[in-house]
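Reviewing the structure listed below.
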Amino acid sequence: MPKRINILFTGGLDSSYTMMYFSQFPVEIQPYYLKDNRPSESYELKAINDIITDIRKNPLTKGNIRELITKPTYAIKPDKEIQKAYRYMFKTAGFGKQYGFIARFAREEGLDGLFVSVTVGGGHGKTALEKNGGIEEVQDEGMRYFRLDPKRSEKNLYTLFEHVLLPPSFIHTKDEEIEEMKKMGYEESVKKTWFCFWPVKGEPCGTCPPCRTLLDQGMTWRFTKDGIKRYEEDKKVPAWKHKIRDIKLTLSDKWYEFKMRNRNF
């Protein structure tokens, strides 16, 4: 039985590269998608379908890609230990909410390692991992990846990443990922990836965190003129207004989760 590789797949550049990389080995690849009530979900799921189709057609593919498994985040069981660890990492390193529900999902499913794409330029998560993670490299039958050493990692950080593995993209910039994808024959697939949280008329908005990250790195080719204009205008918005927006989004997410968990089936 081939080795099973579990991958959190969002349809974005980083997780697409992870799928492409591991598909070169004779393994069983199980992709997962966590539904979080984002306006971008339909775009992400289309990107996932398109990328998987391209990987299956690629002559370098040796792995078998299983059907995508999806799960809504509100259906993931609460976990006091993980929630406590997440709150600590949020306060001390600004960790995004996804790290909490990803950790709970991986533990609940009993996954023996879930590959999650945290890359160079990936914000607070990347920085905190490098500073407190005790990261070690693993070579496994030709496959290269990374994981946290429990003896050298900050306790709360390790609680979040106990069941998480870091793919090769962890040490790559997005430009380097794109070059690697082209070498594997995925030049056209790069254009099919999706990253924007708040699409505007089917195009990347230019103002959500993933859009700002790409534009900060100079990847203007992924955007329309309107998206770039919104990005430039958003940079002029005072920081306190961004904080208010983030609070509103957080409250909206929590209200949605509360409704879904307590609805009558």
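Residue numbering for the sequence shown follows our numbering, beginning at 9 and increasing consecutively.
Beta carbons are placed, not taken as given, at the ideal position from N, Cα and C, and that holds for glycine.
Mind reading off the beta-carbon distance from Leu257 to Tyr239? Whole number of angstroms is fine, and I expect it under 8 Å.
Residue 257 sits at position 249 when you count from the first residue of the sequence shown. Residue 239 sits at position 231 when you count from the first residue of the sequence shown. Not quite, the Cβ-Cβ distance comes to about 18 Å (not below 8 Å), so this is no contact.
key: Rounded C-alpha distance that separates Glu116 from Ala83   = Translated into positions along the sequence shown, residue 116 becomes position 108. Translated into positions along the sequence shown, residue 83 becomes position 75. Between Glu116 and Ala83, the C-alpha separation is close to 11 Å.
With DSSP run on the structure shown, which of helix, strand or coil describes Phe123?
Position 115 of the sequence shown holds residue 123. Reduced to three states, the DSSP call for Phe123 is strand.
Exercise. Is Ile84 helix, strand or coil by DSSP?
Worked result: Looking up residue 84 in the sequence shown gives position 76. Three-state DSSP puts Ile84 in coil, outside helix and strand.
For this session: State whether the region 55 to 62 contacts the region 81 to 100, with contact taken as three or more CB pairs (one from each stretch) at a distance under 8 Å.
Result: Touching, no.
**Request:** Report, in whole angstroms, the separation of the C-beta atoms of Tyr29 and Pro218, which I expect to be a contact under 8 Å.
**Result:** Stepping through the sequence shown from its first residue, residue 29 is reached at position 21. Stepping through the sequence shown from its first residue, residue 218 is reached at position 210. So it is not a contact: roughly 20 Å between Cβ atoms.
Straight-line Cα distance separating Tyr40 from Ile77: Taking the sequence shown and counting its residues from 1, one reaches residue 77 at position 69. Taking the sequence shown and counting its residues from 1, one reaches residue 40 at position 32. Their backbone Cα atoms lie some 5 Å apart in a straight line.
Requested in this report: Check whether the Cβ atoms of Gly193 and Asn72 sit closer than 8 Å, and answer yes or no.
Outcome: The residue labelled residue 193 in the question sits at position 185 within the sequence shown. The residue labelled residue 72 in the question sits at position 64 within the sequence shown. Against a cut-off of 8 Å, the Cβ pair of Asn72 and Gly193 comes out as no contact.
- Query: Using DSSP with H/G/I as helix, E/B as strand and the rest coil, what is Gln225?
  - Reply: On the sequence shown, residue 225 is found 217 positions in, with the first residue counted as 1. Note: Gln225 maps to coil in three-state DSSP.
**Asked** Considering Arg64, what are the terminal residues of the alpha helix (DSSP H) in which it resides?
**Response** The residue you call residue 64 lines up with position 56 of the sequence shown. Unbroken alpha helix (DSSP H) run through Arg64: Glu49 to Lys65.
- Taking Gly20 and Trp202 to be in contact with their CB atoms under 8 Å, please state how far apart those CB atoms are, rounded to whole angstroms. By 1-based counting over the sequence shown, the position of residue 20 is 12. By 1-based counting over the sequence shown, the position of residue 202 is 194. Taking 8 Å as the upper bound for CB-CB distance, Gly20 and Trp202 are in contact here, some 6 Å apart.
Open item on the list: Using C-beta distances below 7 Å, list every residue in its chain close to Asn272, excluding the 5 sequence neighbours before and after it, in chain order.
Closed with: Along the sequence shown, one-based indexing puts residue 272 at 264. Unreliable positioning characterises Asn272 in this predicted model, as indicated by a pLDDT of 45, which lies under 50. A coordinate reading is not provided.
Express the C-alpha separation of Ile15 and Gly121 in angstroms, rounding to a whole number.
Position 113 of the sequence shown holds residue 121. Position 7 of the sequence shown holds residue 15. Just so you know, the alpha carbons of Gly121 and Ile15 end up roughly 9 Å apart.
Which class does Leu259 belong to by DSSP, given the choice of helix, strand or coil? Looking up residue 259 in the sequence shown gives position 251. In this structure, DSSP gives Leu259 a helical state, which the three-state scheme calls helix.
Discussion item. Measuring only the C-alpha atoms, how far is Ser4 from Ser125?
Written reply: With the chain running from 9 to 273 in the structure shown, residue 4 is simply not present.
- Query: Secondary structure at Phe273, three-state DSSP: helix, strand or coil?
  - Reply: Looking up residue 273 in the sequence shown gives position 265. Here Phe273 scores only 38 on pLDDT, less than 50, and its place in the model is too uncertain to base an answer on.
_Three-state secondary structure (DSSP) of Thr18_ = As a first step, residue 18 is located in the sequence shown; it is residue number 10 there, counting from the start. Note: Thr18 maps to coil in three-state DSSP.
With distance defined between alpha-carbon atoms, name the residue in Phe17, Met227, Phe33 and Lys85 nearest to Glu75.
As a first step, residue 75 is located in the sequence shown; it is residue number 67 there, counting from the start. The option with the nearest alpha carbon to Glu75 is Phe17.
ask   = Which residues in the same chain have their Cβ closer than 7 Å to the Cβ of Met9, if we skip the five residues on either side of it in sequence?
value = Numbered from 1 along the sequence shown, position 1 holds the residue referred to as residue 9. Confidence at Met9 is low in this model, with a pLDDT of 42, below 50, so the placement of that residue is unreliable and no value is reported for it.
Does Pro217 come out as helix, strand or coil in the three-state DSSP assignment? As a working note, residue 217 is residue 209 in the sequence shown. It is helical.
Under DSSP, the beta strand (DSSP E) around Asp44 begins and ends at which residues?
Translated into the one-based positions of the sequence shown, residue 44 becomes position 36. Segment: none, Asp44 is in no beta strand (DSSP E) and carries neither H nor E.
TODO: Could you tell me if Arg152 is buried or exposed, where buried requires 16 or more neighbouring beta carbons within 10 angstroms of its beta carbon?
DONE: Taking the first residue of the sequence shown as position 1, residue 152 is located at position 144. Looking at its Cβ environment, which holds fewer than 16 other Cβ atoms inside 10 Å, Arg152 is exposed.
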